[in-house]
Amino acid sequence: KQEVTQIPAALSVPEGENLVLNCSFTDSAIYNLQWFRQDPGKGLTSLLLIQSSQREQTSGRLNASLDKSSGRSTLYIAASQPGDSATYLCAPQVWGMFSGGYNKLIFGAGTRLAVHP
Amino acid sequence: DAEITQSPRHKITETGRQVTLACHQTWNHNNMFWYRQDLGHGLRLIHYSYGVQDTNKGEVSDGYSVSRSNTEDLPLTLESAASSQTSVYFCASSESTDYGYTFGSGTRLTVV
Numbered sequence: 583k584q585e586v587t588q589i590p591a592a593l594s595v596p597e598g599e600n601l602v603l604n605c606s607f608t609d610s611a612i613y614n615l616q617w618f619r620q621d622p623g624k625g626l627t628s629l630l631l632i633q634s635s636q637r638e639q640t641s642g643r644l645n646a647s648l649d650k651s652s653g654r655s656t657l658y659i660a661a662s663q664p665g666d667s668a669t670y671l672c673a674p675q676v677w678g679m680f681s682g683g684y685n686k687l688i689f690g691a692g693t694r695l696a697v698h699p
Numbered sequence: 005d006a007e008i009t010q011s012p013r014h015k016i017t018e019t020g021r022q023v024t025l026a027c028h029q030t031w032n033h034n035n036m037f038w039y040r041q042d043l044g045h046g047l048r049l050i051h052y053s054y055g056v057q058d059t060n061k062g063e064v065s066d067g068y069s070v071s072r073s074n075t076e077d078l079p080l081t082l083e084s085a086a087s088s089q090t091s092v093y094f095c096a097s098s099e100s101t102d103y104g105y106t107f108g109s110g111t112r113l114t115v116v
């Protein structure tokens with residue numbers, strides 16, 4: 583059974599710092615991996631999607647890497663801002679043949695980020 | 005712009021009542037999903053559909069049902085609401101496994 587762990591669970595930093603959020607998953611047979619952002623009381627906003635054949639994706643100040651063999655993904659946030667404060671969720675998509683016949687998005691518990699001015 | 009909308013945003017209901025949560029997407033996505041989010045459990049898959057007339061159970065499907073009569077809608081029904089079903093419910097859709105998921109804004113359901 584695929585399990586997803588995100589470290590740290592919470593992070594509080596001053597504005598301007600470069601950040602690293604970690605995600606590990608137990609089953610390397612994934613189709614792709616998606617990073618989401620969730621603001622309090624809101625839905626999930628997709629940040630980056632990394633296909634299994636890719637090593638990384640970048641969008642603005644965000645960069646996500648994927649190492650399937652070690653079961654790890656990392657989200658880098660450069661020059662953090664107070665507007666980055668949110669919970670960040672990692673979600674690998676497991677191949678259907680390994681999860682009861684359907685592709686399935688498995689979520690970690692998230693990293694709660696607070697960026698102070 | 006295409007979107008995925010959920011209604012209602014908030015719902016309070018009594019134990020034992022039947023409740024239906026709506027999900028409507030204008031992306032023309034074949035794949036649609038329902039998740040619930042609870043503290044300590046994260047997001048868990050309830051039901052999913054890969055197209056019209058197709059529905060499948062997820063990992064926490066007991067007490068829930070869905071139907072897919074068209075591409076745009078996947079309503080989630082709680083047959084007889086229980087306090088354990090108090091949660092935030094999210095609907096999602098995707099074009100295919102090659103593309104990411106798009107989520108709705110969620111429905112906060114309280115069963116009293």
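Residue numbers (our numbering), protein chains in the order written: chain W, 583 to 699; chain A, 5 to 116.
Idealized CB from N, CA, C, for every residue including glycine.
In this text the structure is predicted, and so the values were computed from the model without any measurement.
Per-residue contacts from residue i into chain W (C-beta, under 8 Å)
{"i": "serine 109(A)", "result": "Lys624 and Gly625"}
{"i": "leucine 49(A)", "result": "Lys686 and Leu687"}
Proximal residues of chain A, C-beta to C-beta of residue i below 7 Å
{"i": "asparagine 685(W)", "result": "Thr101"}
{"i": "phenylalanine 607(W)", "result": "Within 7 Å Cβ-Cβ: nothing; phenylalanine 607(W) doesn't reach chain A, min ~13 Å."}
{"i": "tyrosine 613(W)", "result": "Thr101"}
Classification of residue i by the beta-carbon crowding that lies within 10 angstroms, buried from 16 upward
{"i": "valine 676(W)", "result": "buried"}
{"i": "threonine 19(A)", "result": "exposed"}
{"i": "serine 655(W)", "result": "buried"}
{"i": "histidine 33(A)", "result": "buried"}
{"i": "threonine 608(W)", "result": "exposed"}
{"i": "serine 73(A)", "result": "exposed"}
{"i": "threonine 640(W)", "result": "exposed"}
{"i": "alanine 85(A)", "result": "buried"}
{"i": "serine 87(A)", "result": "exposed"}
{"i": "alanine 660(W)", "result": "exposed"}
Proximity test, Cβ basis, 8 Å: residue i and chain W
{"i": "threonine 114(A)", "result": "no"}
{"i": "tyrosine 68(A)", "result": "no"}
{"i": "threonine 106(A)", "result": "yes"}
{"i": "glycine 46(A)", "result": "yes"}
Partner residues on chain A for residue i, Cβ-Cβ distance less than 9 Å
{"i": "glutamine 639(W)", "result": "Chain A residues near glutamine 639(W): none, gap ~11 Å exceeds 9 Å."}
{"i": "serine 610(W)", "result": "Within chain A, no residue comes near serine 610(W); the closest Cβ sits about 17 Å away, beyond 9 Å."}
{"i": "serine 628(W)", "result": "Gly104, Tyr105, Thr106 and Phe107"}
C-beta neighbour in chain A for residue i, strict 8 Å
{"i": "serine 662(W)", "result": "no"}
{"i": "leucine 603(W)", "result": "no"}
{"i": "leucine 648(W)", "result": "no"}
{"i": "glutamine 675(W)", "result": "yes"}
{"i": "glycine 598(W)", "result": "no"}
{"i": "alanine 691(W)", "result": "yes"}
{"i": "serine 655(W)", "result": "no"}
{"i": "leucine 634(W)", "result": "The sequence as given places serine at residue 634(W); leucine does not occur at that position. So, not an interface residue."}
Other residues of its chain near residue i: CB distance less than 6 Å, five sequence neighbours each side excluded
{"i": "lysine 686(W)", "result": "Val676"}
{"i": "asparagine 604(W)", "result": "Ile589 and Thr656"}
{"i": "glutamate 99(A)", "result": "His33"}
{"i": "serine 606(W)", "result": "Thr587, Gly653 and Arg654"}
{"i": "glycine 55(A)", "result": "Asn34"}
{"i": "threonine 24(A)", "result": "Pro79 and Thr81"}
{"i": "glutamate 599(W)", "result": "Ser662"}
Beta-carbon proximity list for residue i, same chain, < 7 Å, skipping 5 on both sides
{"i": "proline 12(A)", "result": "Thr111"}
{"i": "isoleucine 688(W)", "result": "Gln584, Val586, Ala673, Pro674 and Val676"}
{"i": "serine 610(W)", "result": "Lys650, Ser651 and Gly653"}
{"i": "lysine 61(A)", "result": "His51"}
{"i": "glutamate 63(A)", "result": "Arg48 and Leu49"}
For residue j and residue i, believed in contact at Cβ under 8 Å, the rounded distance
{"i": "proline 664(W)", "j": "valine 697(W)", "result": "5 Å"}
{"i": "isoleucine 16(A)", "j": "cysteine 95(A)", "result": "About 19 Å; that fails the 8 Å criterion."}
{"i": "threonine 90(A)", "j": "leucine 113(A)", "result": "6 Å"}
{"i": "serine 667(W)", "j": "leucine 629(W)", "result": "At roughly 14 Å, the Cβ-Cβ gap does not stay under 8 Å, so serine 667(W) and leucine 629(W) are not in contact."}
{"i": "leucine 631(W)", "j": "glutamine 616(W)", "result": "5 Å"}
Residues near residue i in its chain [Cβ-Cβ closer than 8 Å; skip 5 each side]
{"i": "glutamate 597(W)", "result": "Ser662, Gln663, Pro664, Val697, His698 and Pro699"}
{"i": "valine 595(W)", "result": "Leu601, Ser662, Leu695, Ala696, Val697 and His698"}
Per-residue contacts from residue i into chain A (C-beta, under 8 Å)
{"i": "glutamine 584(W)", "result": "The contacting residues do not exist; glutamine 584(W) stays about 11 Å from chain A at best."}
{"i": "leucine 631(W)", "result": "Tyr103 and Gly104"}
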